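J.: Right, I'll just put the structure down here and ask away after.
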Amino acid sequence: MAIGEEAIVRSELRWAAVSIGVVSLIMLALIYAGIVHHINPPSNIEPIDPKTLHLSGEFTEANLGTRVSAEGQVTSRIVATQFTFQPRCIVLPANQRVTLRFATPDVIHGILVTGTNVNTMIVPGYVSQVHTVFTRTGELLMPCHEYCGLGHSEMFATLRVVPASEFKPDAQGRVSCDAR
Ligand code: CUA
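Mapping to our numbering: the sequence shown position 76 is 125, numbers consecutive.
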């Protein structure tokens, strides 16, 4: 028995409505996660000139490492170069939202914090930014995970996650590994 043309059109329209519904739901979920929970794809597009990043702005040597702003926001800045991270050790408080910012003056590097979901590429020309909360205290290794040359395997830094009670910024809001 032949199916009427009208029935076919109705069926197609129904399926079209279902697909539009699914796509809309996913879109809404993405917008909700982005706006309410600040969960975004790692696509923080923030250009920076790799040739001058060490001369002025936030990635000069004096600005590297962990700093607490007047509003209490904890930010750590690291420069990745062939073949070291600068600084090689940073301190961050546990159970508190922190921001990590990375930049490189030379080639593509990567960094991950072992045992956590922090993992980003560091691409010349852009600032890589990660927001996270570290729930366990201790020393965590942060190796470079992007082959960047002969010294790649020697390229790593250490993250010291301390309890909030041991996280004591100095007068400039800075906290460093050797100050303890
Ligand atoms: Cu830097 Cu591998």
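Don't be surprised by glycine CBs; every beta carbon is placed ideally from N, CA and C. Model, not experiment: these values are computed from the prediction.
1. Let me know the secondary structure DSSP gives Arg229 once reduced to three states.
2. For Gly187, list the residues DSSP reports as bridge partners.
3. Mind checking whether the beta-carbon of Phe132 lies closer than 7 Å to any heavy atom of the ligand CUA?
4. Using CA coordinates, which residue listed in Lys217, Gly187 and Gly200 is at the minimum distance from Leu208?
5. State the start and end residues of the unbroken alpha helix (DSSP H) segment that holds Thr83.
6. By DSSP, does Ala111 sit in helix, in strand, or in coil?
7. Using a threshold of 8 Å, state whether the C-beta atoms of Pro99 and Thr169 are closer than that.
8. When we look at the beta-carbon of Arg146 and count the other beta-carbons within 10 Å, is it buried (16 or more) or exposed?
T.: Inspection of the coordinates gives the following:
1. Annotation note: pLDDT 49 at Arg229 (below 50); position unreliable, coordinate value reported separately. In this structure, Arg229 counts as coil in the three-state DSSP scheme.
2. Val210
3. yes
4. Gly187
5. The residue asked about is misnamed: residue 83 is Gly in this sequence, not Thr. Taken as a continuous stretch (DSSP letters only), the alpha helix (DSSP H) holding Gly83 covers Glu54 to Val85.
6. helix
7. no
8. exposed
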